[in-house]
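Engineer: Each residue of the sequence shown is one higher than the one before, starting from 21 at the first, in my numbering. Just so it is clear, CB atoms sit at the ideal spot from N, CA and C, and this is done for glycine as well. Just passing along the structure, written as structure tokens.
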Amino acid sequence: MNAKENKEIDNLVNKMMKKATLESPSFDFTAQIMEQVNSLQQSRATIYEPLISRKAWFFICTGLVALMGYVLLGTQQQPTSWDHFLDLNIFINDAFSIALHRFLFSNVMLYSLAFLSVMVLVQVFFLSMFFNKRFEN
21 MNAKENKEID
31 NLVNKMMKKA
41 TLESPSFDFT
51 AQIMEQVNSL
61 QQSRATIYEP
71 LISRKAWFFI
81 CTGLVALMGY
91 VLLGTQQQPT
101 SWDHFLDLNI
111 FINDAFSIAL
121 HRFLFSNVML
131 YSLAFLSVMV
141 LVQVFFLSMF
151 FNKRFEN
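This is the structure in structure tokens:
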């Protein structure tokens with residue numbers, strides 16, 4: 021741009037500034053803004069709520085234990101006499117250990133379960149550190 025164009029633009033800006041009046045906010049501008057700020061819903065603190073409650077975990081674990089007990093011990097014929105209830109040898113019975121010996125796992129399966137367990141423990145450790153830092157701030 022040359023000097024003549026700059027001078028014309030300066031004159032135009034000066035005229036516009038002279039015509040414009042100074043605008044001022046209303047008398048209670050600050051009070052209105054603060055009222056709007058206070059009326060906004062304040063965010064609640066983040067409350068930890070587990071996805072699965074303790075009661076649900078209890079029922080899940082109880083169901084799994086019952087299912088494993090049924091699978092391992094199976095159905096056994098019950099004697100009809102009452103003296104069977106007084107016989108405590110049923111607790112020493114090898115049915116449980118015999119049932120466990122029927123399970124055969126390959127080495128690949130054992131290594132993968134061990135690796136999975138280690139990775140879950142590592143993930144739990146790092147996630148707990150992450151959430152502890154997040155909730156501290």
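If you follow the alpha helix (DSSP H) that F145 is in, where does it begin and where does it stop?
Structural biologist: For the purposes of this step, residue 145 is taken as residue 125 along the sequence shown, with counting starting at 1. F145 -> alpha helix (DSSP H) spans 127-156.
Engineer: Starting from Y90, trace the alpha helix (DSSP H) both ways and give me its first and last residue.
Structural biologist: On the sequence shown, residue 90 is found 70 positions in, with the first residue counted as 1. Per DSSP, Y90 belongs to the alpha helix (DSSP H) from 74-93.
Engineer: Measuring straight from C-alpha to C-alpha, what distance separates M36 and L42?
Structural biologist: Here residue 36 corresponds to residue number 16 of the sequence shown, with the count starting at 1. Here residue 42 corresponds to residue number 22 of the sequence shown, with the count starting at 1. C-alpha separation (whole angstroms): 12 Å.
Engineer: In angstroms with no decimal places, state the Cα-to-Cα distance between N26 and V33.
Structural biologist: Numbered from its first residue, the sequence shown carries residue 26 at position 6. Numbered from its first residue, the sequence shown carries residue 33 at position 13. Roughly 11 Å separates the two Cα atoms.
Engineer: Quick check: the Cα distance between F135 and L141, rounded to an integer number of angstroms?
Structural biologist: Start at 1 with the first residue of the sequence shown, and residue 135 comes out as number 115. Start at 1 with the first residue of the sequence shown, and residue 141 comes out as number 121. One C-alpha to the other measures close to 10 Å.
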